[in-house]
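Student:
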Amino acid sequence: MKTLIIFFLIFLTLNFSFQGEIGNHDLILIPLAKKISKSEKIICSQFIDEFEYVQLETNEKCFINNDPKILILKNLILVYEIRYCFVFDRKSGKFLYEISHFGRAPGEYNSAMEAYDYERSILYFRGWNNNMLMYSLNGDYLGSFLIPEQRGGMDASPSMMFHFSSLPNSLLVGYSINLIGSEKKLLNVFNQNGEIVKVFPNKNILPKQNMTLNLLEDHFYQFNYKTYFKERYTDTVFKVTENEMVPHIAFNLSEYTVPYISKWWSSEKQNKANYVVISKVFENSGYIIFQAFKQTTDYFGLFYKKEEKLFVNEFKSGLPNDVDNFIPFSPAFMDNDGNFIEIINPIKIVNWVKDNPLKLKDLPDKIQKLLTMREEENPIIMIGKTSSK
């Protein structure tokens, strides 16, 4: 057993060395390969202490579509997608205002909410001219700056940053998607003068491939004012700073490791391949949760940090909610405080009410008021709170 552990650690060291400057830091190892075929039931009370529900106001000024994203702050909830960013009160869900507008007029944007700076409370939206626009939380336009070294898809060697996150000292970090296999950069740290101050290299360089654009290839998340990053074709979550990428979480995938070249495979070939793709990861001080899939089966994983214990289960319609016996929970976001979040489409509640008439009378008051929702209303924010933040 000791020999196996030593071999695995050597393997990890070799795998991680490709990202450059790495110090002596704690690494969380998650033995996913040996658990993926041994499903264990996961219920909400294993990592959630309480659910809070915030019903967002519905009116003609803030209609929300079916696939938004969310940023939850101390007093505000920001719900956004490419063409809007609506601000609601954190407690009541009352609509407050919209941040700027989608459009080409001065101060208007091309894509809402590329990143949020927790230090300075600044929102970054993408502009129309390879630039980043800045807004305050009140919606005031604060100026713009260039996104450096962008070369479009018609270039012989295209290089473009598609997703971003904030770093301390007014810096941003952007992911360079490997469009044709020859991208030399993985992450780029840059300042508000449009200057790159650090490049973390991409070592997965291949002979030229057909151009492939998949906007689900990478995943940034922030917890406790730190920034983390995972690329779909690696087994590692990195903590990203201005100067280094530090291996933070390593998934032991063994024979299920994703080959990098699979990015250019057909969908049919990908669905038949016997590997595990980890699509999302979130964590707080007590738990790591993640979503993954193998072939056409989705999985949900829950890892206890202190006990170093892993649970994995097939993930279909959400986790059974034994906390308040209401709708199943499918966490898709996390706030900076370590609470796990789902944006609930009203249709999910309408259908649950129809299917569970005998449970309705026993639900607590905070849920009773949600049972009369109509399908056309704005969503509810379901916030899974835990004492381990």
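FYI, our numbering numbers position 64 of the sequence shown as 58, with every residue one higher than the one before it.
Glycine included, every Cβ here is placed at the ideal spot set by N, Cα and C.
Who are residue 145's beta bridge partners in DSSP?
Tutor: Counting from one through the sequence shown, the residue named residue 145 turns up at place 151. 153, per the DSSP bridge assignment.
Student: Check whether the region 100 to 117 touches the region 68 to 85, counting contact only when three or more Cβ pairs, one atom from each stretch, lie closer than 8 Å.
Tutor: Cβ pair count under 8 Å is three or more, so yes.
Student: Work out the CA separation of residue 249 and residue 209 for me, nearest whole Å.
Tutor: In the sequence shown, residue 209 corresponds to position 215, counting from 1. In the sequence shown, residue 249 corresponds to position 255, counting from 1. Computed Cα separation, rounded: 26 Å.
Student: Helix, strand or coil for residue 252? Go by DSSP, reduced to three states.
Tutor: For the purposes of this step, residue 252 is taken as the residue at position 258 of the sequence shown. It is coil, neither helix nor strand.
Student: Taking the Cβ atom as the reference point for each residue, do residue 336 and residue 323 lie within a distance shorter than 8 Å?
Tutor: Looking up residue 336 in the sequence shown gives position 342. Looking up residue 323 in the sequence shown gives position 329. Yes; because the gap between Cβ atoms is below 8 Å, this pair is in contact.
Student: Looking only at its chain, what residues have a beta carbon closer than 6 Å to the beta carbon of residue 145, apart from the 5 residues adjacent to it on each side?
Tutor: Working through the sequence shown from its first residue, we reach residue 145 at position 151. Closer than 6 Å at the Cβ level, and outside the excluded window around residue 145, lie 152 and 153.
Student: Would you tell me roughly how many angstroms separate the C-alpha atoms of residue 351 and residue 345, rounded to the nearest one?
Tutor: Within the sequence shown, numbered from 1, the residue matching residue 351 stands at position 357. Within the sequence shown, numbered from 1, the residue matching residue 345 stands at position 351. So the alpha carbons of these two residues sit roughly 11 Å apart.
Student: Counting only runs of 3+ residues fully inside the region 20 to 92, write out the beta strand (DSSP E) ranges in chain order.
Tutor: For the region 20 to 92, whole beta strand (DSSP E) runs of length 3 or above, ordered along the chain, are 22 to 24, 44 to 49, 63 to 66, 70 to 75, 78 to 83 and 89 to 92.
Student: For residue 102, name the three-state secondary structure that DSSP assigns.
Tutor: Numbered from its first residue, the sequence shown carries residue 102 at position 108. Of the three classes helix, strand and coil, the one that applies to residue 102 here is coil, per DSSP.
Student: Reducing DSSP to helix, strand and coil, say where residue 212 ends up.
Tutor: To locate residue 212, count along the sequence shown from 1; it is residue 218. Note: residue 212 maps to strand in three-state DSSP.
Student: Give me the Cα-Cα distance between residue 142 and residue 127, rounded to the nearest whole angstrom.
Tutor: Your numbering for residue 142 matches position 148 in the sequence shown. Your numbering for residue 127 matches position 133 in the sequence shown. Their backbone Cα atoms lie some 14 Å apart in a straight line.
Student: Measuring alpha carbon to alpha carbon, tell me which of 343, 375, 379 and 381 ends up nearest residue 87.
Tutor: What you label residue 87 is simply residue 93 of the sequence shown in a count that begins at 1. For the residues 343, 375, 379 and 381, the minimum Cα distance to residue 87 belongs to 375.
Student: Counting pairs of beta carbons, one from the region 220 to 230 and one from the region 163 to 182, are three or more of them closer than 8 Å?
Tutor: Cβ pair count under 8 Å is three or more, so yes.
Student: Identify whether residue 351 lies in helix, strand or coil by the three-state DSSP scheme.
Tutor: As a position in the sequence shown, residue 351 is number 357, starting the count at 1. Residue 351: helix per DSSP, three-state reduction.
Student: On the DSSP bridge list, what partners appear for residue 222?
Tutor: For the purposes of this step, residue 222 is identified with residue 228 of the sequence shown, where counting begins at 1. In DSSP, residue 222 forms a bridge with 215 and 233.
Student: Would you call residue 315 buried or exposed, if buried means 16 or more other Cβ atoms sit within 10 Å of its Cβ?
Tutor: Taking the first residue of the sequence shown as 1, we reach residue 315 at position 321. With 16 or more Cβ atoms within 10 Å of its Cβ, residue 315 is classed as buried.
Student: On the DSSP bridge list, what partners appear for residue 170?
Tutor: In the sequence shown, the residue the question calls residue 170 occupies position 176. The partner list for residue 170 (beta bridge, DSSP) reads 155.
Student: Going straight from the alpha carbon of residue 233 to that of residue 207, what length do you get?
Tutor: Taking the sequence shown and counting its residues from 1, the one referred to as residue 233 is at position 239. Taking the sequence shown and counting its residues from 1, the one referred to as residue 207 is at position 213. Going by the C-alpha atoms only, they are around 25 Å apart.
Student: Can you have a look at residue 34 and say buried or exposed, based on whether 16 or more other CB atoms are within 10 angstroms of its CB?
Tutor: Taking the first residue of the sequence shown as 1, we reach residue 34 at position 40. With fewer than 16 Cβ atoms within 10 Å of its Cβ, residue 34 is classed as exposed.
Student: In the structure shown, what three-state DSSP assignment does residue 192 receive?
Tutor: Start at 1 with the first residue of the sequence shown, and residue 192 comes out as number 198. The answer is strand: DSSP assigns residue 192 an E or B state.
Student: Where DSSP assigns a beta bridge to residue 293, which residues make up the other side?
Tutor: For the purposes of this step, residue 293 is taken as the residue at position 299 of the sequence shown. DSSP, once it has assigned bridges, lists 286 and 308 as partnering residue 293.
Student: Can you check which of these residues, 347, 27 and 297, is closest to residue 362 by C-alpha distance?
Tutor: Within the sequence shown, numbered from 1, the residue matching residue 362 stands at position 368. That would be 347, whose Cα lies nearest to the Cα of residue 362.
Student: Terminal residues of the continuous beta strand (DSSP E) containing residue 273?
Tutor: In the sequence shown, residue 273 corresponds to position 279, counting from 1. Segment 270 to 277, the beta strand (DSSP E) holding residue 273.
Student: Please determine, among 173, 215, 182 and 183, the residue with the shortest C-alpha to C-alpha distance to residue 200.
Tutor: Residue numbering aside, residue 200 sits at position 206 when the sequence shown is read from its first letter. Selected option, being the one with the closest Cα: 173.
Student: When you compare the region 176 to 191 with the region 228 to 244, are there three or more beta-carbon pairs, one atom per stretch, that lie closer than 8 Å?
Tutor: Yes, the region 176 to 191 touches the region 228 to 244.
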